[in-house]
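**Q** Quick one: structure below, then a few questions.
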């Protein structure tokens with residue numbers, strides 16, 4: 008928590024020498040610490056070093072959030088999916104990473120995979136998609152068509168998510184455009 012990479016690495020070596028197992032929480036903390044110290048690929052390297060039976064969905068979510076590049080996020084999602092560790096949060100993190108990197112078509116494909124897996128729309132995915140659609144429209148893409156399609160699906164299946172504040176936000180963003 009005090010951003011001391013050298014100190015954390017020393018503690019990890021001590022844990023290793025004492026044969027103390029490194030928890031999921033510790034690995035995720037190390038991912039964040041490496042990222043804050045400029046090691047952009049460290050989270051992926053930590054995940055890649057883990058056997059399938061020890062890597063967790065929590066680790067995948069944090070590794071995806073730590074990555075700066077959409078293709079790393081997609082690669083992590085693929086591995087998580089292949090070993091049956093991809094849940095709603097892993098898909099949402101991967102979609103967010105693609106949208107953040109302005110890879111809208113990849114992000115929308117991940118959202119479609121999310122739905123095809125039978126995951127229920129939730130307020131986090133709704134917020135992510137609405138934000139991405141607006142940004143995609145601002146970039147000159149078909150964001151408004153995607154927004155209409157997504158909101159129509161949400162209205163039909165998950166109308167309870169379309170709260171007054173969500174509708175106000177969408178209308179405000181549209182009027183700002």
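Numbering (my numbering), first residue to last: 8 to 184. Don't be surprised by glycine CBs; every beta carbon is placed ideally from N, CA and C. This one's a predicted model, so the numbers in the text were calculated from it and none came from an experiment.
Can you round the beta-carbon distance between residue 10 and residue 43 to whole angstroms, since I take them to be within the 8 Å contact cut?
**A** As a position in the chain shown, residue 10 is number 3, starting the count at 1. As a position in the chain shown, residue 43 is number 36, starting the count at 1. That pair is a contact at about 6 Å.
**Q** Report the option in 102, 146, 15 whose CA atom is closest to the CA atom of residue 119.
**A** As a working note, residue 119 is residue 112 in the chain shown. That would be 102, whose Cα lies nearest to the Cα of residue 119.
**Q** Cα-Cα, which of 28, 41, 31, 29 is closest to residue 8?
**A** Within the chain shown, numbered from 1, the residue matching residue 8 stands at position 1. Considering only alpha carbons, the answer is 41.
**Q** Measuring alpha carbon to alpha carbon, tell me which residue in 108, 99, 56 is nearest residue 146.
**A** Taking the first residue of the chain shown as 1, we reach residue 146 at position 139. If we check each option's Cα against that of residue 146, 108 comes out closest.
**Q** Thinking C-alpha only, which one of 70, 76, 77 is nearest residue 96?
**A** Mapped onto the chain shown, residue 96 falls at position 89. Of the listed residues, the one whose Cα sits closest to residue 96 is 70.
**Q** How do the region 13-20 and the region 50-69 stand: do at least 3 beta-carbon pairs fall below 8 Å, yes or no?
**A** Too few Cβ pairs lie closer than 8 Å, so no.
**Q** Quick one: what does DSSP say residue 76 is sitting in, helix, strand or coil?
**A** Here residue 76 corresponds to residue number 69 of the chain shown, with the count starting at 1. Correct three-state label for residue 76: coil.
**Q** Is DSSP giving residue 184 helix, strand or coil here?
**A** Within the chain shown, the letter at position 177 stands for residue 184. Correct three-state label for residue 184: coil.
**Q** My guess is that residue 73 and residue 50 are in contact by the Cβ rule of under 8 Å, so how many angstroms apart are they, rounded?
**A** Mapped onto the chain shown, residue 73 falls at position 66. Mapped onto the chain shown, residue 50 falls at position 43. Going by Cβ atoms, the distance from residue 73 to residue 50 rounds to 4 Å, so yes, they are a contact pair.
**Q** Under a three-way DSSP split, which group does residue 93 fall into?
**A** Against the chain shown, residue 93 aligns to sequence position 86. Reduced to three states, the DSSP call for residue 93 is coil.
**Q** Give a single yes or no on whether residue 67 has its beta carbon closer than 7 Å to a heavy atom of the ligand HEM.
**A** With respect to the ligand HEM, the structure shown offers nothing to examine, as it has no ligands at all.
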